[in-house]
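Protein chains in written order, with the numbering used here: chain A, 142 to 326; chain B, 7 to 280.
From the three backbone atoms N, C-alpha and C, an ideal C-beta is built for every residue, glycine too.
All of these numbers come straight from a predicted model, not from anything done at the bench.
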Amino acid sequence: MHKRSTAVMAFVLMIVLIGASLLWGAYRGWSTERKQVETSMGTLEDVLSARREVGANILTVARRHLPAGDPLLLSVQEALNGIAQTGSLSQRARANQTLQEGMDGLLAELRQLPSLTADERDSMYVNQLLPQAMEQSAHLTEQAEYNLQAERFNRDFNNSFSGRLARLLGVRPAEQFIPQEGDAP
Amino acid sequence: MRRLTGLLSLLMVIVLLAAPALAEPAASPIRDGAAVLQPTTLADARTLADRVWAATGLRLAVDVRHFLGGADAAAYAQRLLGQQDNSQDTVLLLAVVGEETYAVASGTGAERILGRDARDTLLSRHFRPAFQARDYDAAVADFLLGTARQMQASTGAEIELDGLFGRTQAQPLPQPSTWAPASPAPTGAAHKKIVLPNLNDILGDPISPTRDPARAREQAERQDRGLSWGSIIVIGFVLSAVFGSKKDRRGCGCGPLGWILGVFGLSKFFGWRR
Chain A
142 MHKRSTAVMA FVLMIVLIGA SLLWGAYRGW STERKQVETS MGTLEDVLSA
192 RREVGANILT VARRHLPAGD PLLLSVQEAL NGIAQTGSLS QRARANQTLQ
242 EGMDGLLAEL RQLPSLTADE RDSMYVNQLL PQAMEQSAHL TEQAEYNLQA
292 ERFNRDFNNS FSGRLARLLG VRPAEQFIPQ EGDAP
Chain B
7 MRRLTGLLSL LMVIVLLAAP ALAEPAASPI RDGAAVLQPT TLADARTLAD
57 RVWAATGLRL AVDVRHFLGG ADAAAYAQRL LGQQDNSQDT VLLLAVVGEE
107 TYAVASGTGA ERILGRDARD TLLSRHFRPA FQARDYDAAV ADFLLGTARQ
157 MQASTGAEIE LDGLFGRTQA QPLPQPSTWA PASPAPTGAA HKKIVLPNLN
207 DILGDPISPT RDPARAREQA ERQDRGLSWG SIIVIGFVLS AVFGSKKDRR
257 GCGCGPLGWI LGVFGLSKFF GWRR
């Protein structure tokens, strides 16, 4: 009898210890991984900075041919400010999306202007150089190290048993640079 | 002794062969990131920079770009100057074609020979008119020639200017009134295809290229395998010690290997190990 109760206690203790070690391991492992994802945020800031500079270059050319109060010009300026602000990542992603739409619209508007068509240099900028720069900066933003790491982290975190355990202990998924519905830049 | 001599000779041969590869070519101080200058202008500018350096010990540098991404031209010129070899004795001209701005920065040593007033006069008389007329070759040529002549006058050194930029030594620089305002290109002019080789060429703050995302993903997945083999073995032994065969033969009958394999199976099932 005595041996049996000791065995039961040992068994219960073992289960408790295994459970605790699983919980602790899950928490420590996933929170460490999340920190690693956050340390790569610098790569996203770099590419967003490049994106702002490309936008500034487009505005430089646009201001030579459009009035200061042109709505598209103001919209792009506002979107540039939205990316630079320290809002949530999803808000900045929304601003980035608005910036892309604004820059596309602004370049399309510029192409219609006779003053631009008559200017060989600015025409080259609007038809070739700046669209290439926009495309390259957009691609760099999508492929930024932070985005890839956050996506991978969230996929593994949500699909693993240990991830579910870590979630119970307060570890949250990484915020992705994706616009959410209802976010204002 | 013979072996030592042989080794030393081999070492000398290796060093002599490797020296050209080891010696890093100095970055040219004349840089046309916007590809608006003619090759002859670039060649003559480099020749002139070499002659000025040989005669006076001062360096001429030129950097032409399309855009600076909103950065201030004067501050950017100072930054570029700081990156030059021997920046104290360097005069750097920054021309930003797409933003229609320009700036000059010079080190303290260069300013003793070419003062700020003289520099500003050179810019306004011999650079700006051609720059605004979009004749970038003439703008750079006139500025460099004017600067070289000013340095010649200040230091008394002889600088050979004949034949550079298609001009003779005695030929005066064009006067500002010579330049017509920028005229638009004829309509319907065909644009040659311009390729942007590097996004950093039109940014004020260059960015590091991102790694190939597919490789980065593979590398991260390789590093992250979850529960290690060591952990599985330890857990297996622990479980074996608790539940394994006992003196009275009432254990489960499994040895440590069985428990290790069991833990491995569980880790795969629950995704603790990928």
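Asked, Found
"For D69 of chain B, which beta-bridge partners are listed by DSSP?", "B:R37, B:L100"
"Strictly below 7 Å CB to CB, what residues from chain A border L209 of chain B?", "A191, E194"
"So, at 7 Å on beta carbons, what are the nonlocal neighbours of A154 of chain B in its own chain, with the 5 sequence-adjacent residues on each side left out?", "L54, V58, I165, L167"
"Here's the rule: buried if 16 or more other CB atoms are within 10 angstroms of the residue's CB, otherwise exposed. What is M7 of chain B?", "exposed"
"Starting from V195 of chain A, follow the alpha helix (DSSP H) in both directions and report where the run begins and ends.", "182-203"
"My guess is that L163 of chain A and G196 of chain A are in contact by the Cβ rule of under 8 Å, so how many angstroms apart are they, rounded?", "About 49 Å; that fails the 8 Å criterion."
"Given this structure, state the Cα-to-Cα distance separating A225 of chain A from N198 of chain A, to the nearest angstrom.", "16 Å"
"Using the C-alpha atoms, what's the distance from F294 of chain A back to G236 of chain B?", "24 Å"
"Against I213 of chain B, what residues of chain A qualify as contacts under a CB-to-CB distance less than 8 Å, listed in chain order?", "D187, V188, S190, A191, L281"
"Are the C-beta atoms of L205 of chain B and some chain A residue less than 7 Å apart?", "yes"
"Going by DSSP, what residues sit across from V110 of chain B in a beta bridge?", "B:L99"
"Quick one, which of B:A79, B:V68, B:E106, B:P212 has its alpha-carbon nearest V97 of chain B's?", "B:V68"
"In whole angstroms, what is the alpha-carbon distance linking I241 of chain B and R145 of chain A?", "24 Å"
"Output, in sequence order along the chain, the residues in the segment 128-154 of chain B whose CB is closer than 7 Å to any CB in chain A.", "R140"
"Checking contacts by CB at 7 Å: is A161 of chain A closer than that to chain B?", "no"
"Would you mind giving the Cβ-Cβ distance between D50 of chain B and L170 of chain B, rounded to the nearest angstrom? I have them listed as a contact below 8 Å.", "5 Å"
"Whose C-beta lies closer than 8 Å to the C-beta of S303 of chain A among residues of the same chain, with five residues either side of it excluded?", "L163, G166, A167, G170, W171"
"Can the beta-carbon of H206 of chain A be found closer than 7 Å to that of S256 of chain A?", "yes"
"Return the CA-CA distance between A136 of chain B and G246 of chain A, expressed in angstroms with no decimal places.", "33 Å"
"Is there a C-beta anywhere in chain B that falls below 7 Å from the one on Q277 of chain A?", "yes"
"Under a three-way DSSP split, which group does P212 of chain A fall into?", "helix"
"Going straight from the alpha carbon of R140 of chain B to that of L200 of chain A, what length do you get?", "20 Å"
"Taking CB distances under 7 Å as the criterion, tell me whether T201 of chain A reaches chain B.", "yes"
"So is N237 of chain A in contact with chain B if we call contact Cβ pairs under 7 Å?", "no"
"For T193 of chain B, which residues in the same chain have their Cβ closer than 6 Å to its Cβ, ignoring the five residues on either side in sequence?", "Note that T193 of chain B scores 40 on pLDDT, short of 50, meaning its location in the model is unreliable and no value can be drawn from it."
"Where I156 of chain A and Q284 of chain A are concerned, what is the direct C-alpha to C-alpha distance, given to the nearest angstrom?", "44 Å"
"Whose C-beta lies closer than 8 Å to the C-beta of P187 of chain B among residues of the same chain, with five residues either side of it excluded?", "Residue placement at P187 of chain B cannot be trusted, given a pLDDT of 48 that sits under 50; the coordinates are not used to answer."
"One question on the structure: do V188 of chain A and L281 of chain A come within less than 7 Å of each other, judged by their Cβ atoms?", "yes"
"Are there 16 or more other CB atoms within 10 angstroms of the CB of F152 of chain A, so buried, or fewer, so exposed?", "exposed"
"In this structure, how does DSSP classify A51 of chain B when only helix, strand and coil are distinguished?", "helix"
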